[in-house]
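Visitor: I have a structure here, written as structure tokens, and I will follow up with some questions on it.
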Amino acid sequence: MLILLSRMLRSTAAGALGIATGLYLYNVLHLSLTLIGIFFGVGAFTAPALSLYFGRLGDKYGRKKILMLATAMLPAATAILLFTRNYFLLLIAAAMGGFGTAGALASGSVGAVVAPMMTAMLADKTRDDNRTTIYSLLNVASGLAGAVGVLIVHLGYMEAFMISLILSTISLAAIAPIRDNYRGTKSTEKKGGGSRDRRIMKMFAAVGVLNGTGQGLVTPFLPILFEVLFKATRGEVSNIFFLGGVMAALMSLATPSLTRRMGFVNAVIITRTISTIALIALPFISLLPITINEAFMAAVLSYLVFVMFRVASLPAQQSLMMGLVSREARSTTAGVNQAARLFPSAVATTASGAMLDYLPIPVPFALALLVNVANIYLYKRFFGSMAFDGRTISAALE
């Protein structure tokens with residue numbers, strides 16, 4: 062419950078920041094999309110390095126103390142956004158806060174650098190048969206909180222930053238009473254699965270690279286693109302992402318049922334296929350011979366389908382990952398997957414800012430389609446032949 066409370070508070074702040082930051086840089090500071098891409102890219106470069114580093118430290122020294130350190134970084138970054146317009150300092154804020162990490166609320170990534178420790182701590186306290194449900198509840202609560210955070214943008218940019226600072230600070234305090242029943246292993250001797258764990262890490266690193274690239278190409282810019290392509294106001298953008306957050310969170314409730322009916326791998330593959338189609342459709346809607354209002358409504362529908370099915374795959378993916386590795390490697394594996402996803406996302410986001418400035422808008426979306434197809438293929442290739450039975454994971458890796 063304490064992890065859930067901390068994540069909800071952080072997600073509320075991240076929901077506001079995920080919408081307000083890009084629009085603030087574009088509309089108030091009047092930065093070009095290239096400079097905004099660099100800003101997002103810095104955050105997306107730093108987040109994976111910290112995720113990997115903190116993940117390793119969590120396995121070695123215990124999850125809680127490292128989680129507290131990681132959680133403290135978002136309020137520090139928000140304070141910089143609130144009190145300065147200096148671009149160099151803003152880049153520092155991007156690095157600390159992980160802004161631009163594959164679209165934050167749009168891709169279910171509001172956990173950022175805290176996600177590996179939270180994922181591992183929850184895995185320590187759950188079993189194979191209830192872990193997917195617990196992760197689904199976490200995603201539901203986080204998604205709903207993020208959606209509420211989006212509404213804060215209605216109050217204004219500075220107000221959104223101030224409220225985010227307060228909420229992210231309280232999220233740090235919520236962690237303090239948590240009892241961490243995993244104390245770490247300070248020895249350099251590896252416990253658990255050894256080479257088996259490393260093999261699983263490599264698999265999730267590979268799918269993470271493609272996942273991050275596909276999302277990083279477009280999702281950080283979605284609030285701006287709704288303004289540019291469909292003439293949405295700041296309030297309308299806020300409402301769209303609020304509705305998307307609510308529907309995505311509720312969709313996560315269906316994940317345990319999907320995994321029982323389809324299996325873990327098929328649940329991931331099918332939901333990501335649907336979300337990819339919906340995402341790629343967005344820029345082409347503006348080219349259709351319809352009115353701007355009709356295009357706007359179609360774009361909103363397409364976005365909602367994208368974010369619902371995108372987030373629906375996350376609990377299954379998390380449960381699959383935690384079930385396949387030994388307990389001593391859980392935090393590290395989550396960190397490796399996060400880093401593998403966010404490093405290429407950083408490159409893609411930085412490049413996409415320039416592409417959106419100088420190339421037709423559909424170009425990065427077309428590239429995202431190719432990368433997402435490859436991602437889905439690797440899930441099938443790596444995990445499709447393993448034996449999973451509904452709620453539990455009984456894969457035997459030799």
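Mind the numbering: the sequence shown is residues 62 to 459 in the working numbering, read in order.
Idealized CB from N, CA, C, for every residue including glycine.
None of these values were measured; they are calculated from a predicted model.
1. Apply the 10 Å Cβ neighbour rule to Gly-445 and answer buried if 16 or more other Cβ atoms are within range, or exposed otherwise.
2. Can you round the beta-carbon distance between Phe-302 and Ala-293 to whole angstroms, since I take them to be within the 8 Å contact cut?
3. Please determine if the segment 177 to 184 and the segment 350 to 369 are in contact, where contact requires at least 3 C-beta pairs separated by less than 8 Å.
4. For the alpha helix (DSSP H) that Pro-177 lies in, which residues bound it at each end?
5. For Asp-120, is the classification buried or exposed, using 16 other Cβ atoms within 10 angstroms of its Cβ as the cut-off for buried?
6. Would you mind reading off the limits of the alpha helix (DSSP H) that contains Glu-389?
7. Determine whether the Cβ of Phe-106 lies closer than 8 Å to any Cβ atom of chain C.
8. Flag this pair as yes or no: are the beta carbons of Val-279 and Ala-429 separated by less than 8 Å?
9. Beta-carbon separation of Lys-186 and Val-326 under 8 Å?
10. What are the uninterrupted segments assigned as alpha helix (DSSP H) that are 4 or more residues long and contained completely in the segment 274 to 355, given in chain order?
11. Can you give the beta carbon distance from Arg-192 to Ser-380, rounded, assuming they're within the 8 Å contact cut?
12. Assuming Val-307 and Leu-205 are in contact, meaning their beta carbons sit under 8 Å apart, how far apart are those beta carbons, in whole angstroms?
13. Please state whether the Cβ-Cβ distance between Ala-28 and Val-214 is less than 8 Å.
14. Decide if the segment 386 to 397 is in contact with the segment 262 to 279; the criterion is three or more beta carbon pairs, one per stretch, under 8 Å apart.
15. List the whole-angstrom C-beta distance separating Pro-423 from Pro-344, where the pair is believed to meet the contact cut-off of C-beta under 8 Å.
16. CA-CA distance, Met-369 and Leu-385?
17. Check whether the Cβ atoms of Thr-230 and Ala-156 lie closer than 8 Å to each other.
18. With a 10 Å radius around its C-beta and 16 neighbouring C-beta atoms as the bar for buried, classify Leu-118 as buried or exposed.
19. Return yes when the C-beta of Ala-235 is under 7 Å from any heavy atom of the ligand SAH, and no when it is not.
20. Which residues in the same chain have their Cβ closer than 7 Å to the Cβ of Leu-417, if we skip the five residues on either side of it in sequence?
21. Would Tyr-419 be called buried (16 or more neighbouring beta carbons within 10 Å of its own) or exposed?
22. Would Ser-413 and Gly-207 be called neighbours here (beta carbons separated by less than 8 Å)?
23. What whole-angstrom Cβ distance do Ser-392 and Ala-181 have, given they're in contact under 8 Å?
24. With a CB to CB cut of under 7 Å and the five nearest residues on each side skipped, what residues in its chain are close to Gly-253?
25. Just verifying my parser: in three-state terms, what is the DSSP assignment at His-215?
26. For Ala-359, which residues from the same chain have a beta carbon less than 8 Å from its beta carbon, with the 5 sequence-adjacent residues on both sides left out?
27. Quick check: what's the CA-CA separation for Gly-275 versus Gly-159?
28. Check each candidate in Ala-409, Arg-402 and Phe-115 and name the one with the smallest Cα separation from Asn-436.
Guide: Let me lay it out:
1. exposed
2. Going by Cβ atoms, the distance from Phe-302 to Ala-293 rounds to 10 Å, so no, they are not a contact pair.
3. no
4. 176 to 185
5. buried
6. No alpha helix (DSSP H) contains Glu-389, which DSSP labels as neither H nor E.
7. Of the protein chains in the structure, only one exists, and it is not chain C.
8. yes
9. no
10. 283 to 291, 295 to 313, 316 to 323 and 325 to 346
11. 5 Å
12. 6 Å
13. Because the chain is modelled from 62 through 459, residue 28 falls outside the range shown and cannot be assessed.
14. yes
15. 5 Å
16. 26 Å
17. no
18. buried
19. The model on display carries no ligand, and the ligand SAH is accordingly not part of it.
20. Leu-94, Phe-282 and Pro-425
21. exposed
22. no
23. 4 Å
24. Unreliable positioning characterises Gly-253 in this predicted model, as indicated by a pLDDT of 45, which lies under 50. The coordinate reading is nonetheless provided below. Same-chain partners within the cutoff: Ser-387, Arg-388, Glu-389 and Ala-390.
25. helix
26. Ile-346, Leu-349 and Ile-351
27. 18 Å
28. Arg-402
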